[in-house]
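Engineer: Just so we're aligned, residue 1 is where the sequence shown starts under the numbering used here, counting upward by one.
Yeah, the Cβ is synthetic: ideal placement off N, Cα and C, and Gly gets one too.
As the structure is a computational prediction, the values presented were derived from the model and not from experiment.
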Amino acid sequence: MAGIKVYNTMTQQKEKFVPLRPGQVRVYVCGVTPYSSAHLGHARPNVIWDVIIKFLHSRGYQTLYVQNFTDVDDQIIERARDEGVEALEFSNRFIREYLEDMDALGVKRADVYPKVSDHIPEIIDLIRVLIEKGHAYSAQGDVFFHVNSFPGYGKLSKQKREELLAGTRFEVDPAKRDAADFALWKKAKEGEPAWDSPWGPGRPGWHIECSAMSYKYLGETFDFHGGGSDLIFPHHENEIAQSEAATGSPLARYWVHNGMINFKAEKMSKSIGNVISIGELVQRYPAELIRFYLLSTHYRSNLEYYQGKLEEMSRGWTRLVDTVKKLKDNLDQAPGQSSAGNGDKKILEKIEGMQQEIEEALADDFNTAMAIGVLFELVREINAYQHHGGKDPLVLKHAWELFKLYGIDILGIVNLADSQKTGLVGPLMELLLELREELRKEKNFPLADKIRERLGDLGVFVEDTPQGPRWKV
């Protein structure tokens, strides 16, 4: 079985994956700031890490997966004030919605979802350590990290401090010793949430939360740190500086960053406003199709999204789903004894080779796009085999097991329960088909055919089979 290789943003090359603790993998992924509904850009890292965690489990690893919520933030405070509600009440509403959205996408929940508001003591303790070690300073109720005190600053983004100063717009604050210094603690403003601290009432800066919470749940050093490529600087660069300045140990062994989703050549972003909410998407499309779209491109590459993109993707995805369903039906009806003819042996060898190809693809920096490509090779092979009368149960069983392990269990792009028949659409379709069957029994074929034709005009294909009518979009 191929060893796992991971592209490490820190070294900018693929490296052999060796966990810090044998058999155990500890993961921290930066979560959302819950001030509005989650969108497709939030879904991408969640689906990617869902696949990575499930693949690691298939390799026998135990995992501890932590994803934070930044529930104390300027935008949360501003929007909560506009609605006339408490900031934490406002953010908790979107946290609940976010978790439900990820559930709808088939994303297994993280082991821990820490929130900033629940970890103020840990954050204060870490800031105190940084001040004691000379890496941070208090100024008029604020506390700043002194970037010049950490010689390794810029090692993740591969930029020198002078380049960062020239190319970045830093927050102007006369209390700072240096323009690049960043806030660890912000003094309280009227009407904002605040907590007591040795430096006066206030709230944490953005970056310090992840260092404090990853340290609490995963220790000084852990295996994977994940997030979008837009977090490399300044967020992850600042995390490294404050964490390693405090502990003297590397923060993470492997830095894994996913590409962005571009909408009409712009990054999909809540601040820009070009977002499509998960709630809207799962009402219109099967969750497995959305996952298929997100996983059909390597996670480090950017993705394009535009009107009609999922409709385009659905053609190939539907062919995959239909093949798996037909295969499962044929396997359930197959004879109990294997014939093991020459043709059967040949395709068995191909299936075994494809399984190895998929394993190697996923082990090579979690290349889901290549793994999906191999699944489509199997679609062509198994369809041709069955079309020519092949029905050896051993062949069907091996093909089904491959589809189940990778297509269903790990990638989550196939669901035999048929996710497009959930919600209101499914019951309405079943009702229409029952009515059509009654019309056929009454020999009212013109009206029965009219229902089928009108459904076809709407993009719904109805197939009459010995087991009853089936439908698909």
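1. Going along the chain, which residues of its own chain have a beta-carbon closer than 7 Å to the beta-carbon of Leu402, five neighbours each way excluded?
2. Taking contact to mean 3 or more Cβ pairs, one atom from each stretch, closer than 8 Å, check whether the region 178–190 and the region 29–37 are in contact.
3. Can the beta-carbon of Thr297 be found less than 8 Å from the beta-carbon of Leu289?
4. Please classify Ser301: is it buried, with 16 or more other beta-carbons within 10 angstroms of its beta-carbon, or exposed?
5. For the 8 Å Cβ check, are there 3 or more pairs between the region 224–233 and the region 194–209?
6. Taking the alpha helix (DSSP H) that Asp173 belongs to, which residues open and close that run?
7. In the DSSP assignment, the alpha helix (DSSP H) including Lys325 goes from what residue to what residue?
8. So, Lys115 versus Phe150, is the Cβ gap smaller than 8 Å?
9. Answer yes if the region 208–224 comes into contact with the region 13–27, meaning at least three C-beta pairs across the two stretches below 8 Å, and no otherwise.
10. Can you tell me which of Val460, Ala252, Lys326 and Glu359 puts its alpha carbon nearest to the alpha carbon of Val18?
11. From Lys5 to Leu331, what distance separates their C-alpha atoms?
12. Would you give the residue range spanned by the beta strand (DSSP E) that Phe94 belongs to?
13. Rounded to whole angstroms, how far is the Cβ of Ile413 from the Cβ of Arg291, which I believe are closer than 8 Å?
14. Just how far apart, CA to CA, sit Phe182 and Val143?
15. Would you call Tyr406 buried or exposed, if buried means 16 or more other Cβ atoms sit within 10 Å of its Cβ?
16. Straight-line CA distance for Ala104 to Gly134?
17. Is it buried or exposed for Pro286, if we count other Cβ within 10 angstroms and need 16 for buried?
18. Check whether chain B comes within 8 Å of Asp329, counting only Cβ atoms and requiring the distance to be less than that.
19. How big is the Cα-Cα spacing for Glu493 and Ile278?
20. Please classify Val85 as buried or exposed, where buried requires at least 16 neighbouring CB atoms within 10 angstroms.
21. Assuming Thr247 is part of the alpha helix (DSSP H), what are its boundary residues?
22. Does DSSP put Trp255 in a helix, in a strand, or in coil?
23. Can Leu99 and Leu184 be called in contact, C-beta distance under 8 Å?
24. Quick check on Leu487: does DSSP put it in helix, strand or coil?
25. Residue range of the alpha helix (DSSP H) that Lys216 falls in?
26. So, Ala361 versus Val374, is the Cβ gap smaller than 8 Å?
27. Buried or exposed for Ala245, going by 16 or more other Cβ atoms inside 10 Å?
28. To which residues of the same chain is Met313 closer than 8 Å at the C-beta, ignoring the five residues directly before and after it?
29. Spatial neighbours of Lys391 within its chain, please: C-beta separation below 8 Å, excluding the five flanking residues on both sides.
30. So, with DSSP's three-state summary, where would you put Val107?
31. In terms of DSSP beta bridges, what is Gly152 paired with?
32. Could you spell out the range, first to last residue, of the beta strand (DSSP E) harbouring Tyr305?
33. Count the other CB atoms within 10 Å of the CB of Asp449; is the residue buried (16 or more) or exposed (fewer)?
34. Do Arg203 and Glu190 have their beta-carbon atoms positioned less than 8 Å apart in this structure?
35. Anyone know if the C-beta pair for Lys108 and Ile53 falls short of 8 Å?
36. Can you look up Val140 in the DSSP assignment and give me helix, strand or coil?
Structural biologist: Taking the coordinates as given:
1. As a first step, residue 402 is located in the sequence shown; it is residue number 402 there, counting from the start. Only Ile351, Met354, Gln355 and Leu378 meet the Cβ criterion.
2. Taking a cut-off of 8 Å for Cβ pairs, the region 178–190 and the region 29–37 do not touch, as fewer than three such pairs fall below it.
3. What you label residue 297 is simply residue 297 of the sequence shown in a count that begins at 1. What you label residue 289 is simply residue 289 of the sequence shown in a count that begins at 1. Taking 8 Å as the Cβ cut-off, Thr297 and Leu289 do not qualify as a contacting pair.
4. Counting from one through the sequence shown, the residue named residue 301 turns up at place 301. Counting every other CB atom within 10 Å of its CB across the protein chains shown gives Ser301 a total below 16, marking it as exposed.
5. In this structure the region 224–233 does not lie against the region 194–209, because fewer than three pairs of beta carbons, one per stretch, are closer than 8 Å.
6. Stepping through the sequence shown from its first residue, residue 173 is reached at position 173. Careful: Asp173 lies outside any alpha helix (DSSP H) and carries neither H nor E.
7. For the purposes of this step, residue 325 is identified with residue 325 of the sequence shown, where counting begins at 1. Its alpha helix (DSSP H) spans residues Lys309 to Gln333.
8. Along the sequence shown, read from residue 1 onward, the residue named residue 115 stands at position 115. Along the sequence shown, read from residue 1 onward, the residue named residue 150 stands at position 150. No, Cβ-Cβ distance for Lys115 and Phe150 is not below 8 Å.
9. Contact between the region 13–27 and the region 208–224 is present, because at least three Cβ pairs lie under 8 Å.
10. As a working note, residue 18 is residue 18 in the sequence shown. Per the Cα distances, Ala252.
11. To locate residue 5, count along the sequence shown from 1; it is residue 5. To locate residue 331, count along the sequence shown from 1; it is residue 331. Distance between the alpha carbons of Lys5 and Leu331 is about 36 Å.
12. Translated into the one-based positions of the sequence shown, residue 94 becomes position 94. Per DSSP, Phe94 belongs to no beta strand (DSSP E); it is in the alpha helix (DSSP H), Ala87 to Ala104.
13. For the purposes of this step, residue 413 is taken as residue 413 along the sequence shown, with counting starting at 1. For the purposes of this step, residue 291 is taken as residue 291 along the sequence shown, with counting starting at 1. Correct: roughly 5 Å between the Cβ atoms.
14. On the sequence shown, position 182 is the one that residue 182 refers to. On the sequence shown, position 143 is the one that residue 143 refers to. Each residue's CA atom was taken as its position, placing Phe182 and Val143 some 8 Å apart.
15. For the purposes of this step, residue 406 is taken as the residue at position 406 of the sequence shown. Buried is the call here.
16. Taking the sequence shown and counting its residues from 1, the one referred to as residue 104 is at position 104. Taking the sequence shown and counting its residues from 1, the one referred to as residue 134 is at position 134. Answer to the nearest angstrom: the Cα atoms are 47 Å apart.
17. Here residue 286 is taken as the residue at index 286 of the sequence shown, counted from 1. Around the beta carbon of Pro286, 16 or more other beta carbons sit within 10 angstroms, so the residue counts as buried.
18. The structure shown contains no chain B, having only a single protein chain.
19. In the structure as shown, the chain begins at 1 and stops at 473. Residue 493 is therefore absent and cannot be evaluated.
20. Along the sequence shown, read from residue 1 onward, the residue named residue 85 stands at position 85. Classification of Val85: exposed, given that the 10 Å Cβ count is below 16.
21. Taking the first residue of the sequence shown as 1, we reach residue 247 at position 247. For Thr247, the enclosing alpha helix (DSSP H) covers residues Glu237 to Thr247.
22. Numbered from its first residue, the sequence shown carries residue 255 at position 255. In the three-state scheme derived from DSSP, where H, G and I count as helix and E and B as strand, Trp255 is classed as strand.
23. For the purposes of this step, residue 99 is identified with residue 99 of the sequence shown, where counting begins at 1. For the purposes of this step, residue 184 is identified with residue 184 of the sequence shown, where counting begins at 1. Between Leu99 and Leu184, the gap from beta carbon to beta carbon reaches 8 Å or more.
24. Nothing can be reported for residue 487, as the shown portion of the chain is limited to 1 through 473.
25. Against the sequence shown, residue 216 aligns to sequence position 216. According to the DSSP assignment, Lys216 belongs to the alpha helix (DSSP H) that extends over Ile208 to Leu218.
26. Translated into the one-based positions of the sequence shown, residue 361 becomes position 361. Translated into the one-based positions of the sequence shown, residue 374 becomes position 374. Yes, Cβ-Cβ distance for Ala361 and Val374 is below 8 Å.
27. Counting from one through the sequence shown, the residue named residue 245 turns up at place 245. Around the C-beta of Ala245, 16 or more other C-beta atoms lie within 10 Å, and the residue is accordingly described as buried.
28. Numbered from its first residue, the sequence shown carries residue 313 at position 313. Leu289, Phe292, Tyr293 and Ser296.
29. The residue given as residue 391 occupies position 391 in the sequence shown. In chain order, Asn330, Ala334 and Pro335 place their CB closer than 8 Å to the CB of Lys391, counting only its own chain and leaving out the 5 sequence neighbours on each side.
30. For the purposes of this step, residue 107 is taken as residue 107 along the sequence shown, with counting starting at 1. In the structure shown, Val107 adopts coil according to DSSP, grouped into three states.
31. Counting from one through the sequence shown, the residue named residue 152 turns up at place 152. Per DSSP, none; premise fails for Gly152.
32. Position 305 of the sequence shown holds residue 305. Looking at the DSSP string, the run of the beta strand (DSSP E) that includes Tyr305 is Leu303 to Tyr305.
33. Locating residue 449 in the sequence shown gives position 449, counting from the first residue. Taking all protein chains shown into account, Asp449 has fewer than 16 neighbouring C-beta atoms within 10 Å of its C-beta and is therefore exposed.
34. For this step, residue 190 is matched to residue 190 along the sequence shown. For this step, residue 203 is matched to residue 203 along the sequence shown. With contacts defined by Cβ atoms closer than 8 Å, Glu190 and Arg203 do not form a contacting pair.
35. As a position in the sequence shown, residue 108 is number 108, starting the count at 1. As a position in the sequence shown, residue 53 is number 53, starting the count at 1. A Cβ-Cβ contact shorter than 8 Å links Lys108 with Ile53.
36. Residue mapping note: residue 140 aligns to position 140 of the sequence shown, counting from 1. Correcting the residue identity first, residue 140 is Gln in this sequence and not Val. Gln140 sits in coil when the DSSP states are folded into three classes, being neither helix nor strand.
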